[in-house]
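Each residue of the sequence shown is one higher than the last, beginning at 701 in our numbering.
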Amino acid sequence: MTFTICLPIALVLSIMSFTDSPSLSLRHRPRRLRRSPAIRQMVRETQISTNDLIYPMFVMEGENQKVEVASMPGCYRFSLDLLLREIADIYQLGIQAIALFPVVPESKKDESGTESYNPEGLVQRTVAAIKRDVPDIFVITDIALDPFTDHGHDGLLGEDGSILNDPTVEVLKKMAVSQAAAGADMVAPSDMMDGRIGAIREALDAAGYINVGILAYSAKYASAYYGPFRDALDSAPKSGDKKTYQMDPANSRESIKEVLLDIEEGADIVMVKPALPYLDIIRQVRDATDVPVAAYNVSGEYAMIKAAGEKGWINEKKVILETLTSIKRAGADLILTYFAKEVALMLK
Ligand code: PBG
């Protein structure tokens, strides 16, 4: 008896408490567009696609080698044989572009980075092999001397310890031409010497490589976020820092100047690096130019998420997607990221 009375009352009460009856008179209720997965997807402004991702990869000498970078869990230095297999796999996953970085043995490093333009060098052999095995993957090679110099700087060292600009650019030109000869689709100067984009463009054209593009690291900051990458390549500068060529993290106007100069000199794509601490710069560059903008989600950004994920302090997968979304939302068309493979798997 009590049940038959109480039940309807309880039902009425519960319906009342769940009815969002209007007490405010609002014309705009932005929450309408967040009510269900369908409407949220319909109005979503930014989508991450595997097409936007460029996968940085490390190649080392030897055979059958796959060595994890301690400060970059999930990232490896591969010998060429295993790198080729990995590239075939990631291409299957939909990743269409890689950025290649060499681990150069100490014995091949010298003062002026001559190994960088050896036609039989590690990068050159690797590019040729990739183009033979997985011809359709887009190969971007790095132009900078730091993996090749015994002092670890991106340029030639003057007698007073300063980094020489114009003599360095002469070496970069040789490096670019030798990478193009090996089959690189695009070269990516990451050194921050003045005038290198124009000089490299001319050198490539003079050698007949008019279709090899230039992805310019235009706004590259002197960042502490590169630490794990320097572990991976064993390329940390032996003395001093890179502040006379890489940009001061405190500056933003200068990034526009660098970007416009690089476009003027012939850059096809411009890049901001790092990404996450420089989202404002990505946005300003996007607004100031018409060329595609890339952003480099660098090794330190990767390492922080991996470390917190390993500790169980964050939901790693969700943080990865949110991070890449923020970089695209800021204005990047392309993202170089060590998460590329993981994200390609997530999006599959
Ligand atoms: C070197 C180069 C660096 C990175 C890419 N190319 C390091 C540096 O400038 O010292 C860093 C990439 C990363 O941290 O993921 N020219």
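Note that the Cβ used here is the ideal one computed from N, Cα and C, for glycine as well.
Query raised in the report: How long is the line joining the alpha carbons of Arg727 and Leu1034, rounded to whole angstroms?
Result: Distance between the alpha carbons of Arg727 and Leu1034: 39 Å.
Report task. Identify whether Asp781 lies in helix, strand or coil by the three-state DSSP scheme. Result -> helix
Report task. Pull up the CB-CB distance for Ile914 and Asp968, whole angstroms please, since I reckon it's below 8 Å. Result -> With a Cβ gap of about 5 Å, Ile914 and Asp968 count as contacting.
Query raised in the report: Between which two residues does the beta strand (DSSP E) containing Met757 stretch?
Result: Leu753 to Met760
Report task. Could you spell out where the beta strand (DSSP E) holding Met971 opens and where it closes? Result -> Residues Ile969 to Lys973.
Query raised in the report: From what residue to what residue does the alpha helix (DSSP H) around Asn662 run?
Result: Only positions 701 to 1048 of the chain appear in this structure, which leaves residue 662 out of reach.
Requested in this report: Following the continuous beta strand (DSSP E) through Leu1047, name the residue where it begins and the one where it ends.
Outcome: Looking at the DSSP string, Leu1047 is not in any beta strand (DSSP E); the run it does join, the alpha helix (DSSP H), is Ala1040 to Leu1047.
Query raised in the report: Hey, out of Ile739, Ile897 and Ala738, whose CA is closest to Glu964's CA?
Result: Ile897
Requested in this report: Look at Val871 and Gly895 and say whether their C-beta atoms are less than 8 Å apart.
Outcome: no
**Report entry** Euclidean distance between Cα positions of Gly940 and Asp846
**Finding:** 13 Å
Query raised in the report: How is the beta strand (DSSP E) around Asp885 delimited, first residue to last?
Result: No beta strand (DSSP E) contains Asp885, which DSSP labels as neither H nor E.
**Report entry** Pick from Gly1012, Leu724, Ala916 and Pro928 that is closest to Glu1001, judged by C-alpha positions
**Finding:** Checked all of Gly1012, Leu724, Ala916 and Pro928; the closest Cα to Glu1001 is Pro928.
Query raised in the report: Looking only at its own chain, which residues have a Cβ that is under 7 Å from the Cβ of Ala950, when we skip the five neighbours before and after it?
Result: none
Query raised in the report: Does the Cβ of Val972 lie closer than 7 Å to at least one heavy atom of the ligand PBG?
Result: no
Requested in this report: Take Ala1030 and list the residues in its own chain whose beta-carbon comes closer than 6 Å to its own, dropping the five residues that flank it on each side.
Outcome: Leu979, Ile982 and Arg983
Query raised in the report: First and last residue of the beta strand (DSSP E) that includes Glu768?
Result: Lys766 to Val769
Report task. Keeping to the same chain, check which residues put their C-beta closer than 7 Å to that of Glu1016; ignore five residues upstream and five downstream. Result -> Ile1005 and Gly1009
Query raised in the report: If you draw a straight line from the C-alpha of Met701 to the C-alpha of Pro722, how long is it?
Result: Any reading at Met701 needs caution, since the residue's pLDDT is 45, under 50, leaving its predicted position unreliable; the model's value is listed next. Looking at the two C-alpha atoms, the distance is approximately 36 Å.
Report task. Count the C-beta pairs between the region 874-881 and the region 806-817 that are closer than 8 Å, then say yes if the count reaches three, no if not. Result -> yes
Requested in this report: Answer yes if the region 794-805 comes into contact with the region 845-864, meaning at least three C-beta pairs across the two stretches below 8 Å, and no otherwise.
Outcome: With the rule of 3 Cβ pairs closer than 8 Å, the region 845-864 counts as touching the region 794-805.
Requested in this report: Provide the residue(s) that pair with Pro1074 in DSSP beta bridges, ordered along the chain.
Outcome: Because the chain is modelled from 701 through 1048, residue 1074 falls outside the range shown and cannot be assessed.
Query raised in the report: Between the Cα of Ile787 and the Cα atoms of Gln747, Asn865, Val998 and Lys831, which residue gives the shortest distance?
Result: Nearest option by C-alpha distance: Lys831.
Requested in this report: Compare the Cα-Cα distances from Met893 to each of Tyr909, Lys938, Asp860 and Lys943 and report the closest residue.
Outcome: Lys943
Requested in this report: Could you tell me if the beta carbon of Phe929 falls within a distance shorter than 7 Å of some heavy atom in the ligand PBG?
Outcome: Result yes, Cβ under 7 Å from the ligand PBG.
Query raised in the report: Does any heavy atom of the ligand MN sit closer than 7 Å to the C-beta of Ser999?
Result: The ligand MN is absent from the structure shown, which contains only the ligand PBG.
Query - Three or more C-beta pairs below 8 Å linking the region 1035-1046 and the region 749-760 - result: yes
Report task. Return the CA-CA distance between Asp720 and Val743, expressed in angstroms with no decimal places. Result -> 23 Å
Query raised in the report: How many Å lie between Val834 and Gly861 at the Cα?
Result: 43 Å
Query - Residue span of the beta strand (DSSP E) that contains Gly913, given as start and end - result: Residues Gly913 to Lys920.
Report task. Note down the Cα distance separating Ser923 from Trp1013, rounded to an integer number of angstroms. Result -> 25 Å
Query raised in the report: Can you tell me whether DSSP reads Tyr996 as helix, strand or coil?
Result: strand
Query raised in the report: In angstroms, rounded to a whole number, what distance separates the CA positions of Ala919 and Val887?
Result: 16 Å
Report task. Would you kindly work out how many angstroms separate the C-alpha atoms of Ala799 and Ser725, rounded to a whole number? Result -> 55 Å
**Report entry** Test item: CB-CB of Ile795 and Ile843 under 8 Å
**Finding:** Note that the C-beta distance between Ile795 and Ile843 is not below 8 Å.
Query raised in the report: Sorry if obvious, but does the Cβ on Tyr996 come closer than 7 Å to a heavy atom of the ligand PBG?
Result: At least one heavy atom of the ligand PBG is nearer than 7 Å to the Cβ of Tyr996, so yes.
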